[in-house]
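The block underneath contains the structure these notes are about, expressed in structure tokens.
Residue numbers (UniProt numbering): 1 to 645.
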């Protein structure tokens, strides 16, 4: 049996960074009990200490309210550590066992149950695949009934690093466990509203318990965006853990970091396009505008990590507003127009090098969105999907510019948020988020989000009336959503092995959303395209053109879109069926419609019940009257006869 405190070996570095065990201590709360390799170099496997960037790891791996469930699964994201490149993807499997069932009961186990999580920290977003492997090992680890036996965890680390690779991102295994089919069955026509909410980069909070249902639904929505799971989340967790005000002040004065900034000059991007990552992997070498650091090492040197000058000696970054005070729950981003940052960056760049700025900077509000893009994006080879580093986004993009640079520049994706991360919702360095929560405190503070998605009831609560109007589906959108719903519901029993068939299956649904998004992108490139864009929603398209992801995408040319039909997949003349569809949608989704629908159901039920009661009463009275009349008539007849006699 190995000892936990044994000197750490030097394992080969692969896609899996660490295997970690998190337990609940009756006095100390959630804490790391084991890590392989150690989370901090030079420490033992049983060290409880954590890197500052990962201080929330125990609370993410062992979720709030976990004691209510025998087992659960969590997907979570951690920020990159200084020296690393991208988001760290975490998968945690939680279980609890009765203390009396343990073969070896340690002295600090004082409760009747023992709660622990085994988690994998990976550089690849293989959520479902990691979950499947981890569940088996977690089960075996608990079956040992002796948590000091850690050899199985080290074997898991070696096995995963030998079997997992970047090639898995090219196949369907990246979507394992994420079912758009189930999502459509749950949310029906509202799936498209969720899709558009994220396109607009709004603050979206998903809510349900347990965590496995939460993270499954949230990540399934993201899987509808082409390339998003595979390559679009590399910059989705650029946040700093909360510190004291004095510590923050010291950091800002002495060692400003890259994530303190929201804009990078075009001069920086033009001088780093030939860079190579530390690991030998070729990267774009481009810091995206807005602090994007996706495929560039977080720290190529101490100077870079601390925001030192680039090779040409000119760095013109724009700092975000100072951190909000603890008493302030509102983010300064709510009143700060991001376009101001873009315009300032544009003007400064023009004074320095107008030609370079035109070639590489994002278009600001003052520049027409319909102006022709100027940076040529390489085309893919026929029959193959070739990914190239985006010149501005820093993401690995295909010939259509997918994935869109949504989760960049301070827009976070946090599949599960611990209560300790609550401050991120109002952090001035966070301009938006798609986040999941199981604690009701998140749901109650509605002012911190634009929309709350209650998964249990399939309810999408949008607070702003204007945003509701923008997201109100067009007739063509309703046809598209209805097409999805019908194929999923009508073919539910016919799909081979439930969801693996083509039409109405998971891959088919993703293909429909991919076609929808490609058509939208192709439509915005066409001149005099008001009619085509109206099918997607004129107000929606106008709002989308003001987002960061649209401006990044529009800054490049994407010749492959010339072959895409630039009209809505379900455009067409208005018909009677559209009237029925619109009425059905209104009744199902508007508050007034729901009230009317409930009243109609209640009224019809009461009418039926009243009708039965009235029928019984009338029928009974008629029978009674008939009996009385018969009795009276017979009496009258008898009296008449007696009088005649």
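Note that CB positions come from ideal geometry on N, CA and C, so glycine has one too.
Beta-bridge annotation (DSSP): residue 77 is paired with 89. Put simply, the backbone Cα of residue 471 is about 19 Å away from that of residue 514. The beta-bridge partner set that DSSP reports for residue 451 consists of 204 and 462.
Bridge pairing for residue 113: 98 [DSSP]. One thing to note: residue 545 has its Cβ no nearer than 7 Å to the Cβ of residue 241. For residue 155, the enclosing alpha helix (DSSP H) begins and ends at 151 to 163. Fewer than three pairs of CB atoms, one per stretch, sit closer than 8 Å, so the stretch 204 to 212 makes no contact with the stretch 141 to 159. With a cutoff of 7 Å on beta-carbon distance, residue 76 and residue 65 are scored as not near each other. Residue state for residue 121 is assigned as strand, using DSSP reduced to three classes. In the three-state reduction of the DSSP assignment, residue 34 falls in the strand class.
The three-state reading of DSSP puts residue 410 in coil, since its state is none of H, G, I, E or B.
For residue 436, the uninterrupted beta strand (DSSP E) run begins and ends at 432 to 437, by DSSP. Here residue 186 is near residue 458, since their CB atoms are less than 7 Å apart. Within its own chain, the residues whose Cβ lies closer than 6 Å to the Cβ of residue 194, once the five positions on either side in sequence are excluded, are 221, listed in chain order.
Here DSSP, grouped into helix, strand and coil, assigns residue 404 to coil. Secondary structure of residue 193 (DSSP, three-state): helix.
A residue is called buried once 16 or more other Cβ atoms fall within 10 Å of its Cβ, and residue 502, having fewer, is exposed. Around the beta carbon of residue 440, fewer than 16 other beta carbons lie within 10 angstroms, which makes this residue exposed. In the three-state reduction of the DSSP assignment, residue 23 falls in the strand class, which pools E and B.
Taking C-beta separations shorter than 6 Å and ignoring five residues to either side along the sequence, the partners of residue 124 in its chain run 15, following chain order. Taking all protein chains shown into account, residue 527 has fewer than 16 neighbouring C-beta atoms within 10 Å of its C-beta and is therefore exposed. The three-state secondary structure of residue 146, taken from DSSP, is coil.
Comparing alpha carbon positions, the residue from 456, 166 and 436 closest to residue 449 is 436. In the DSSP secondary-structure assignment, residue 48 is not bridged to any residue.
Considering only 48, 60 and 42, the residue with the shortest C-alpha distance to residue 418 is 60.
The shortest CA-to-CA distance from residue 53 to any of 79, 467, 414 and 40 is the one to 79. Relative to the Cα of residue 33, the nearest Cα in the group 62, 42 and 103 belongs to 62.
Taking C-beta atoms under 8 Å as the contact rule, residue 424 and residue 239 qualify, at a distance of about 6 Å.
Proximity to residue 504 across 523, 486, 85 and 145 peaks at 486, based on C-alpha coordinates. Across the structure, residue 184 and residue 98 are spaced so that their CA atoms are roughly 39 Å apart.
Within its own chain, the residues whose Cβ lies closer than 7 Å to the Cβ of residue 571, once the five positions on either side in sequence are excluded, are 476 and 535, listed in chain order. Between residue 519 and residue 558 a beta carbon distance of about 13 Å is seen, past the 8 Å cut, so the two are scored as non-contacting. Taking residue 172 as the centre and dropping the five residues before and after it, the same chain places no C-beta closer than 6 Å to its C-beta. Nearest to residue 460 by C-alpha distance, out of 170, 218 and 387, is 218. A direct Cα-to-Cα measurement between residue 103 and residue 146 gives close to 6 Å. About 18 Å separates the beta carbons of residue 174 and residue 121, which is beyond the 8 Å limit, so they are not a contact pair.
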